[in-house]
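Chemist: Below is a structure I'd like to ask you about.
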Amino acid sequence: MLTVVSFILSYLIGSISFSYLITKKIKKIDIRKTGSGNAGATNTMRVLGTGPAVVVLLLDVLKGIACILIARAFGLPDWAIVVSGLLAILGHDFPVYFGFKGGKGVATTIGVFFMIFPLFALIAGLATILIIAVTRYVSLGSLFFLLFTPLLGWIFGHYSWGVLTAAFIIALLAYIQHRANIVRLIHGNENKLGHKNAQA
10 MLTVVSFILS YLIGSISFSY LITKKIKKID IRKTGSGNAG ATNTMRVLGT GPAVVVLLLD
70 VLKGIACILI ARAFGLPDWA IVVSGLLAIL GHDFPVYFGF KGGKGVATTI GVFFMIFPLF
130 ALIAGLATIL IIAVTRYVSL GSLFFLLFTP LLGWIFGHYS WGVLTAAFII ALLAYIQHRA
190 NIVRLIHGNE NKLGHKNAQA
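Take any residue in the sequence shown, note its place counting from 1, add 9, and you have its number in the numbering used here.
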């Protein structure tokens with residue numbers, strides 16, 4: 010029963026779209042209809058600037074952290090804790106409060122992965138910052154982090170197959186959500202950080 014409660018709570022918490030709420034409050038617009046059309050921190054920076062974007066980023070990361078903490082407080086097994094994180098990310102991507110149209114779940118995944126793989130997420134995160142600084146492609150850095158964090162956990166960690174399977178499902182979901190970005194990266198026309206005009 011506690012497992013089910015954790016899964017439901019995680020989805021509902023994940024469904025809180027801070028980028029939508031903050032943009033609606035400040036600029037009276039739907040962030041999903043401007044910029045890249047993505048309800049996330051990067052698009053918030055395009056629409057509102059750096060300050061609100063940082064707030065959105067931190068709040069979205071905290072969603073992932075909170076759901077893992079709740080699952081652990083319930084005393085759930087490791088696999089169920091990671092699945093709770095997955096449900097939080099699904100909530101962010103497909104929020105029940107906002108017509109199931111949300112973001113791509115990167116920030117919430119950061120929160121989940123830092124709770125599950127703290128050392129490996131830190132290593133992958135530092136490499137991600139470097140990649141974004143050099144290439145100016147947020148999507149490329151995000152895709153690196155999303156894959157290499159669980160990959161490092163698999164190679165160097167001592168995690169159960171349940172944990173690793175759920176983590177790689179999270180990574181797969183993120184890659185599916187970024188499929189348009191991947192196509193643009195391959196063709197060399199992905200939007201770089203700082204560009205005001207962006208494709209959905």
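C-beta atoms are modelled at their ideal positions from N, C-alpha and C, and glycine is treated no differently.
For the alpha helix (DSSP H) that residue 172 lies in, which residues bound it at each end?
Modeler: Within the sequence shown, residue 172 is the residue found at index 163, counting from 1. That run of the alpha helix (DSSP H) goes 170-186.
Chemist: Distance, Cα to Cα, residue 157 vs residue 133?
Modeler: Position 148 of the sequence shown holds residue 157. Position 124 of the sequence shown holds residue 133. Distance between the alpha carbons of residue 157 and residue 133: 6 Å.
Chemist: With a 10 Å radius around its C-beta and 16 neighbouring C-beta atoms as the bar for buried, classify residue 82 as buried or exposed.
Modeler: The residue you call residue 82 lines up with position 73 of the sequence shown. By the 10 Å Cβ count, residue 82 comes out exposed.
Chemist: Are the Cβ atoms of residue 101 and residue 152 separated by less than 9 Å?
Modeler: Residue 101 sits at position 92 when you count from the first residue of the sequence shown. Residue 152 sits at position 143 when you count from the first residue of the sequence shown. In this structure, residue 152 does not lie closer than 9 Å to residue 101 by Cβ.
Chemist: Classify residue 37 as helix, strand or coil using the three-state DSSP reduction.
Modeler: Taking the sequence shown and counting its residues from 1, one reaches residue 37 at position 28. The answer is coil: DSSP assigns residue 37 none of H, G, I, E or B.
Chemist: With three or more C-beta pairs closer than 8 Å as the rule, is the segment 139-149 touching the segment 161-178?
Modeler: no
Chemist: Restricting to Cα atoms, I'd like to know which of 127, 70, 85 and 105 is closest to residue 118.
Modeler: For the purposes of this step, residue 118 is taken as residue 109 along the sequence shown, with counting starting at 1. Here the closest residue by C-alpha is 70.
Chemist: Taking the alpha carbon of residue 17 as the reference point, which residue from 55, 47, 26 and 105 has its own alpha carbon closest?
Modeler: By one-based count along the sequence shown, residue 17 stands at place 8. When only C-alpha atoms are compared, the closest one is 105.
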